[in-house]
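Asks:
Next up, the structure:
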């Protein structure tokens, strides 16, 4: 012990000054958010000069001022707010300081939501335990690039391989998992807790070990913002400003949306490039029975068309809050929808799974699509939740869909 | 074209409402930071109620109020500040709004620095072009977990494989790259721009294709904050509060540092677990001539001791601003330092490389260590820069060290 202390005296000189420079001492000793044992949560911010501090979060019911709650100033300029007991969930929030939206400086954990960042925290229990890093075998998450001959681009994707992959020689089935509009290849791992959900479901024996592939569903993008040769640009919607009142009467307004549809078209056309890359790089099951495709919102739209366009490629299809519409036009791959759908269902997919929330603005569209499937006697499985077009639902759908695969 | 527009009308209904819910319209149309063609940079923040807004960044010379510059309020409550022309570099900054430190809400790109987050931006040109994502072949970055029998833990690490790895059957040399105190397995990819530097140096033919392995150098940690079963806890320094004035006279104060030294001891002792894992999982060159180890600050200290403790394991050693001290005590692995160093150098390492900045508080310690090497006629290569114990230097050292390997 004494010898250690001799070492420490020299070590100290190093440590003490290093800390000063590496900001180890920086940061207030404030804990925010603090999750209490009864699942109430306290948020704190030290802002003595602020006149108003609010917390804005997806755990706040609409009745409290549309998801915004006033925080209370105590002595020393510390503002606080404590929630009601919250259900288990992966939540996000921001602060409003005199109207300026900021992140919680005492919480380094953030999720990007297209153009903005939100702090996150997790309340465990029930299904939300699947979203936690637990003491179970962990898969690997790989960021790599593939070459798309169709798009003539090199593009980034994120791949999950299950814990057993490295220690076995087996071929694995593959789930292709697509994001929604404004998302990218990082979205399912970041907001969707994909790796944690897969690790936990596999550990519980509820899901078969599988590879999960998350491509970038925006055909004009090489990679997520900050990860491409465009550098650190400001992410923006690609949707041009549209006059919602005239867009249905004014073709010039409607035309502004053309690039969006063309992008999905490109993703559908180039999708075999991704499958070929994955089949070359990984030990995969290369037949239809070993492949699934699923996506949320725009990714659901893409999954619907990709699985229809290549009816021998995917045996399992998941449409999560999908933009499930079937235009009656003759532009490939949107042509001959009825015929193509018949071909797909004549081949009897192992699973055609649809899920949507009761309050989703796409609920009606999904209902219409289900009716069309019913009329033709096409078999599908339907799963309905409460609430709407939100990540809470898409995490639920993933945990429900994955155990049904392979 | 007309057919597309018909599709768009239905598509629009989907898009327009989706955007509202996925916050695609959120965020002000303010660009911050804006890098101008002359490499001046303008920062902007809309905060009409604030009395004072400042920018704090590592690009501001000390003469401007210790790295803090006042921003100027213009009409509409928009605050602005424009820098002098800046040298090419990967910079970081925050805002101070009435003294409250916040991140720039118009910049979604952040780096974590232990307990806090800072916005980042990059000015290209010169060496900083190595820090950019360029149109060159990209390697893969893998987050995975290994089992350490010595530590009796499963631990996370980050691995870079070069672009050619997947298309070849060759065995690759491996660089083990260690972070400093307060860092973790994410630090070299996040703040060190490791993947970009490797991609670019390999594409230019200046570095041999190699695997780079970045373990977590804190023996008690499973993984980086937020990535372990501890959940989203607040990262803190493990260094207890120490009275700098009495620590040299008061053994009770010095003892508080014991856990830190023991942690590095554990990393040194368990390091073969990592090498064994890598050699099993990847196609590696398994002899000394195919292995390098380097680290910054505490990671330099660890590299120095690991390479000395296992003199047949690493042929290339890099000490970046290392805590290069050699205590004269008999606690393994800090015992018999002189003898072990002799064994290491008798085996003539292919490269023993040291780098430090002139203003580094460890400069003197490195000078003393070099003198000791000189006295014994031990061959090493020395590289000196300006400035001190900062990431700018560690990125430079990586770009200088890697071309000398293998």
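Residue numbers (the working numbering), protein chains in the order written: chain A, 9 to 414; chain B, 9 to 414.
Quick reminder that beta carbons are idealized off the backbone N, C-alpha and C, glycines included.
If you're wondering where the values come from, they're calculated on a predicted model, not measured in any experiment.
1) Sort out for me which residues DSSP pairs residue 223 of chain A with in a bridge.
2) Please classify residue 138 of chain B: does DSSP put it in a helix, a strand, or coil?
3) Where do the N-terminal and C-terminal ends of the beta strand (DSSP E) with residue 302 of chain A fall, by residue?
4) Specify the secondary structure class of residue 309 of chain A as computed by DSSP and reduced to three states.
5) What residues of chain A sit near residue 55 of chain B, judged by a beta carbon separation below 9 Å?
6) Measuring straight from C-alpha to C-alpha, what distance separates residue 98 of chain A and residue 348 of chain A?
7) Using a beta-carbon distance below 8 Å, is residue 236 of chain B in contact with chain A?
8) Does any heavy atom of the ligand PLP sit closer than 7 Å to the C-beta of residue 280 of chain A?
9) Which residues bound the alpha helix (DSSP H) around residue 195 of chain A?
10) Taking only beta-carbon atoms, is residue 185 of chain B less than 8 Å away from chain A?
11) Can at least three beta-carbon pairs, one atom from the stretch 98-116 of chain B and one from the stretch 176-186 of chain B, be found at a separation below 8 Å?
12) How about residue 65 of chain B and residue 100 of chain B: do their beta carbons lie closer than 8 Å?
13) Just checking: is the beta-carbon of residue 113 of chain B within a distance shorter than 8 Å of some beta-carbon in chain A?
14) Excluding the 5 residues flanking residue 490 of chain B on each side, which residues of the same chain have their C-beta closer than 7 Å to its C-beta?
15) Compare the C-beta of residue 146 of chain A with all C-beta atoms of chain B and state if any pair is closer than 8 Å.
16) Taking 8 Å as the threshold (C-beta atoms), are residue 131 of chain B and residue 47 of chain B in contact?
17) By how many angstroms is the C-alpha of residue 219 of chain B removed from the C-alpha of residue 405 of chain B?
18) What are the uninterrupted segments assigned as beta strand (DSSP E) that are 3 or more residues long and contained completely in the stretch 329-399 of chain A, given in chain order?
19) Going by C-alpha to C-alpha distance, which of B:295, B:293 and B:311 sits closest to residue 301 of chain B?
20) Using a Cβ cut-off of 8 Å, which residues of the stretch 272-298 of chain B contact any Cβ in chain A, in chain order?
21) At a CB-CB cut-off below 8 Å, which residues of chain B make contact with residue 39 of chain A?
22) Spell out whether any CB of chain A is found under 8 Å from the CB atom of residue 151 of chain B.
23) In or out: residue 62 of chain B buried (at least 16 other Cβ within 10 Å) or exposed?
24) Which term fits residue 368 of chain A, buried or exposed, when burial requires 16 or more other beta carbons within 10 angstroms of its beta carbon?
25) For residue 140 of chain A, go through chain B and note every residue whose CB falls closer than 9 Å to its CB, in chain order.
26) Could you check which residue in A:412, A:181, A:341 and A:79 has the C-alpha nearest to that of residue 314 of chain A?
27) By DSSP, does residue 85 of chain A sit in helix, in strand, or in coil?
28) Please go through the same chain and pick out, in chain order, the residues whose beta-carbon is closer than 7 Å to the beta-carbon of residue 400 of chain A, but skip the five residues on each side of it.
29) Can you find the residues in the same chain that come closer than 7 Å, C-beta to C-beta, to residue 55 of chain A, ignoring five residues on each side of it along the sequence?
30) What number of angstroms, rounded off, separates the C-alpha of residue 216 of chain B from the C-alpha of residue 391 of chain A?
31) Of the choices A:155, A:157 and A:147, whose alpha-carbon is the least far from that of residue 167 of chain A?
32) Would residue 47 of chain B pass as an interface residue toward chain A - the criterion being a Cβ-Cβ separation below 8 Å?
33) Residue 393 of chain A and residue 360 of chain A: beta carbons closer than 8 Å?
34) For residue 102 of chain B, write down the residues that DSSP places opposite it in a beta bridge.
35) Mind checking residue 44 of chain A: buried by the 16 CB within 10 Å criterion, or exposed?
36) Using a Cβ-Cβ cutoff of less than 6 Å, which residues in the same chain neighbour residue 352 of chain A once the five nearest sequence positions on both sides are dropped?
Replies: By the coordinates alone:
1) A:165
2) helix
3) 299-304
4) helix
5) 105, 106, 107 and 108
6) 39 Å
7) yes
8) No copy of the ligand PLP occurs in the structure displayed, which carries no ligand at all.
9) 195-198
10) no
11) no
12) yes
13) yes
14) Not covered by the structure: residue 490 of chain B. The range shown for chain B is 9 to 414.
15) yes
16) yes
17) 18 Å
18) 359-365 and 389-393
19) B:311
20) 289
21) 242
22) yes
23) buried
24) buried
25) 237 and 239
26) A:341
27) helix
28) 97
29) 61, 85, 87 and 105
30) 52 Å
31) A:147
32) no
33) no
34) B:64
35) exposed
36) 316 and 319
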